[in-house]
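Heads up, the thing below is written out as structure tokens.
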Amino acid sequence: MGASHSNLLGSQGTQLVESATGVPRKEWHARLPNFTLSLNVTIPASPGLAPPSPGNSPSHSTFSIAVDFVRRGKPANTDFRFLDLPPEIRVMIYEEVLVVGNVFFRNRYGQMPPDDHRYRDCNRIPKPELQLLRVSRQIHDEAEPVYLSKNNFLLPVGWERMKPFDIHSSTSSTAPLFSRAGLVHVRYISFIVDQNIRLGHGNVNNSADWRSCEGWMGTKYEDMSLAEIFDWMDDSAREAYHDALMAMADALGRLIPGPRYVEVDYTEAFDYLGRRTILHEDLATILLFRYLNCDNLEQINVLGLRSSLEKVHFNALGIGQQYYDQNDEDGKKMQKIRTLVRFGELEAGE
């Protein structure tokens, strides 16, 4: 690797290694052997880990031994004391084995939801090595906040009915996603609004039903006005739809002190502009703004809107200031939310 130690580690990492080793950065190459990490970072061994004598190549780097420890429980032929590492180094190791990007919900039987497009490639994504949390109480208490605060948790279709954040009320077939303490640390949440939220009249409940009925309706769905769509919706269907959104709001309201990032996926929502616009309006005003704790919120990422017109409708209807007085508490909250909405994917490392 051509990069220097300091360039790879950054100023904070450089200070950390200097503190742990007692060796100034300019003397690293001259005085200490180098160890290559699995993270493609090279650092000198800590004196507390008894580096090999000059001329002997180590069979494992300090970092590799530590990662092996947390993955296997005990590295082979090594008297290794993991908790003797500086706390900052332990956090780096926790990130190596627990932070994978997206964490996918499974039920109590290890099964994935079959009808969620976000899960199609989930088997290709590394899984967090949660056995680490069972090594000891101290490691659990140190590692759990890292796992919960740095991963994006994808909630499955129908997640609001499973009550995933309620440790006392989860359904018999699903496990609560987080412990009570864990709810304090969650920062990244992704959920989906799908076409199974009942919004239709009679047997016309989702986009597929609407398309199949276009013949006897006499017009294509995309050519219908919002007023015509509402004519097909009875009060009970709308009430069921609002109940589903309120269940989402209640579940997300259990996150304390609230997420940093919320991702809302409309890919599996209704296919045509009119009905998706209805979803935008209700979701934004009922779910995100009134009930979600926005104190720490930095971004709302909206996925699956298929045209610039849909994005305009999302902002105009869902975050429309006509619903609130700009000078009251809700109005000020709405103004803040308007600045946080983005359309696209979460960038790695945010």
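Throughout the sequence shown, residue numbering follows full-length UniProt numbering, covering 1 to 350 in sequence.
Ideal Cβ positions, reconstructed from N, Cα and C, are used throughout, including at glycine.
Could you please give the first and the last residue of the uninterrupted alpha helix (DSSP H) stretch that includes E95?
P87 to L98
Where does A50 sit, in a helix, a strand or coil, going by DSSP?
Note that A50 scores a pLDDT of 34, beneath 50, so its modelled location is shaky; the value from the coordinates is reported in the next line. Three-state DSSP puts A50 in coil, outside helix and strand.
Go to L148, then tell me how far its alpha helix (DSSP H) extends in each direction, as first and last residue.
Looking at the DSSP string, the run of the alpha helix (DSSP H) that includes L148 is R137 to K150.
With DSSP run on the structure shown, which of helix, strand or coil describes F343?
strand
What does DSSP give as the partner residue(s) for F104 in the beta ladder?
L154
What is the DSSP secondary structure of V186, reduced to helix, strand or coil?
coil
Pop quiz: R90 and E142 are said to be a contact at Cβ under 8 Å. What is the actual Cβ separation, rounded to whole angstroms?
6 Å
Hey, how far is the Cα of L297 from the Cα of E129?
L297 and E129 have their C-alpha atoms roughly 28 Å apart.
Using a Cβ-Cβ cut-off of 6 Å (strictly less than) and excluding sequence neighbours within five positions of Q131, which residues of its own chain qualify?
Excluding sequence neighbours, Q131 sits near nothing in its chain.
What do you reckon, are the CB atoms on Y188 and P259 nearer than 8 Å?
yes
Label D265 either buried or exposed according to how many other C-beta atoms from any shown protein chain fall within 10 Å of its C-beta, with 16 as the threshold for buried.
buried
Compare the Cα-Cα distances from V103 to each of P86, T219 and L155 and report the closest residue.
L155
According to DSSP, is E129 helix, strand or coil?
DSSP, read as helix, strand or coil, puts E129 in coil.
DSSP on L305, reduced to helix/strand/coil?
coil
Contact criterion: CB-CB distance below 8 Å. Does D84 meet it with respect to chain C?
Looking at the structure shown, chain C is missing, and only one protein chain is on hand.
Tell me where the beta strand (DSSP E) around Y261 begins and ends.
Counting along the chain, the beta strand (DSSP E) containing Y261 begins and ends at Y261 to D265.
Is it right to say I125 is buried, meaning 16 or more other beta carbons lie within 10 angstroms of its own, or is it exposed?
Of the other Cβ atoms in all chains shown, fewer than 16 fall within 10 Å of the Cβ of I125; this residue is therefore exposed.
What residues in its chain sit with their C-beta under 8 Å from that of residue 358, if we drop five residues either side in the sequence?
Absent from the model: residue 358. The displayed extent of the chain is 1 to 350, so no value can be given.
Hey, how far is the Cα of V341 from the Cα of N301?
Here the alpha carbon of V341 sits roughly 6 Å from the alpha carbon of N301.
Taking only the alpha-carbon atoms, compute the straight-line gap between E95 and L183 and give it to the nearest angstrom.
19 Å
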